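K.L.:
Numbering-wise (the working numbering), the sequence shown opens with residue 1 and increments by one.
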Amino acid sequence: MKLKISLVLAIAGLVLLAASVNAADKKVMVTVDNKQDFAAAVALIKSNMASGGRFEFTTDKERAALDANLADMQSLFDKFNTVDAMDQPSKLRLFNDQEAVNATLTHRDGDRLVCESVAPTGSNIPKRICRTYRQTEQDRRDAQREMRGFNQTTQPGGH
Numbered sequence: 001m002k003l004k005i006s007l008v009l010a011i012a013g014l015v016l017l018a019a020s021v022n023a024a025d026k027k028v029m030v031t032v033d034n035k036q037d038f039a040a041a042v043a044l045i046k047s048n049m050a051s052g053g054r055f056e057f058t059t060d061k062e063r064a065a066l067d068a069n070l071a072d073m074q075s076l077f078d079k080f081n082t083v084d085a086m087d088q089p090s091k092l093r094l095f096n097d098q099e100a101v102n103a104t105l106t107h108r109d110g111d112r113l114v115c116e117s118v119a120p121t122g123s124n125i126p127k128r129i130c131r132t133y134r135q136t137e138q139d140r141r142d143a144q145r146e147m148r149g150f151n152q153t154t155q156p157g158g159h
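1) Can you tell me whether valine 101 is helix, strand or coil according to DSSP?
2) Per DSSP, isoleucine 129 is paired with what?
3) Going by other Cβ atoms of all chains shown within 10 Å of its Cβ, with 16 needed for buried, is leucine 113 buried or exposed?
4) Within its chain, find whatever has a CB closer than 8 Å to the CB of leucine 70; leave out the 5 residues flanking it on each side and keep chain order.
5) Can you find at least 3 beta carbon pairs, one from the stretch 78 to 85 and one from the stretch 48 to 66, that sit closer than 8 Å?
6) What number of angstroms, rounded off, separates the C-alpha of asparagine 22 from the C-alpha of leucine 105?
7) Beta-carbon within less than 7 Å of valine 118's beta-carbon, same chain only, minus the 5 sequence neighbours each way: which residues are those?
8) Between the C-alpha atoms of phenylalanine 95 and asparagine 151, what's the straight-line distance to the nearest angstrom?
9) Tell me the rounded alpha-carbon separation between glutamate 146 and leucine 76.
10) In three-state DSSP terms, what is threonine 58?
11) Spatial neighbours of methionine 86 within its chain, please: CB distance less than 6 Å, with the 5 preceding and 5 following residues excluded, ordered by chain position.
12) Which of the three DSSP states is assigned to asparagine 48 in this structure?
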């Protein structure tokens, strides 16, 4: 049990916040261990959640949860300034917040590759189609916009 706790705390000290890309494997990760680096990572995350950013498809509910997790992490850095200065319960809390942030940002990463098997019309042999999450979401939004436009022109009083 002590080994598991030590391992979790060691990981918490090494991997603290999702924010940038490792070009080799496209993982979302930044290692921060002090208040200043954390502030820079938060600014990067927030800028990437804007329209056109890597995490632009984050929902309002997810943004609220991210804000809560980031605020909790900020309070820990305000209190301790560095990870090394944190007590074990604080490191564990920081790790759990980081995992929640990481999970959301990874799921909503516009650069994430999503593959599916699709049987083309007239064939039973499925083909693998891979697109980025951004392409999938933009196609979904475009289809919704077209349907709204179509519904407005076909309803009474439409043009």
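Virtual Cβ for every residue (Gly too), placed ideally from N, Cα, C. Please read these numbers as outputs of a predicted model, since none were measured by experiment.
P.N.:
Looking at the coordinates:
1) helix
2) Glu116
3) The residue in question, leucine 113, is exposed, as its Cβ has fewer than 16 Cβ neighbours within 10 Å.
4) Closer than 8 Å at the Cβ level, and outside the excluded window around leucine 70, lie Val42, Ile45, Asp97, Val101.
5) no
6) With a pLDDT of only 37 at asparagine 22, under 50, the local geometry of the prediction cannot be trusted, and no value is derived from it.
7) Pro126, Lys127, Ile129
8) 48 Å
9) 47 Å
10) Residue state, collapsed to three classes: coil.
11) Phe80
12) helix
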